[in-house]
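Numbering (this note's numbering), first residue to last: 39 to 207.
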């Protein structure tokens, strides 16, 4: 785990808004030296805080307007095998292991409710899946985000060296 400050938070915000931004552009926007941004980015990447720069994909625009969350209960001892089988289903977007009655939370996308049913039947047909329950996503009023939490975590942190220099004065 690394400690981040407000400059790191601002850098992450810029990268979230524009993952293809060049280092010089980021430095200009944030009012710091290019080397500072390069160093910060390297530190965030090497520590595992930043794991990649991916495009945001609108699934509806790709013809996949139906999304659902599937809770799956697995047979004891089959969890890893089930996950590997789920990995082979293209409509499976992500899988989380969970606590409670259901062992997995699976997010899926499909072009129609009929196709959704086929995907659900495929999931239930995976050897080791004992039971599923499905919740349809109607809208996504808050998309996956990290920036509000990062801002909250750094609310009392300094802003790079300039903040440390101000505290010393």
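Glycine included, every Cβ here is placed at the ideal spot set by N, Cα and C.
| Query | Result |
| --- | --- |
| Pairwise C-alpha distance: residue 150 and residue 80 | 42 angstroms |
| Those residues which DSSP pairs with residue 111 across a bridge | 169 |
| Residue 39 versus 88, 171, 152, 166, residue with shortest Cα-Cα distance | 88 |
| Beta bridge counterpart(s) of residue 144 as assigned by DSSP | 108, 133 |
| Per-residue DSSP class, three states only, for residue 174 | strand |
| Candidates 45, 130, 165: closest to residue 114 by CA position | 165 |
| Residue 40 - DSSP class collapsed to helix/strand/coil | coil |
| Heavy atom of the ligand SAM within 7 angstroms of residue 83 beta-carbon | No copy of the ligand SAM appears in this structure; indeed no ligand is present at all. |
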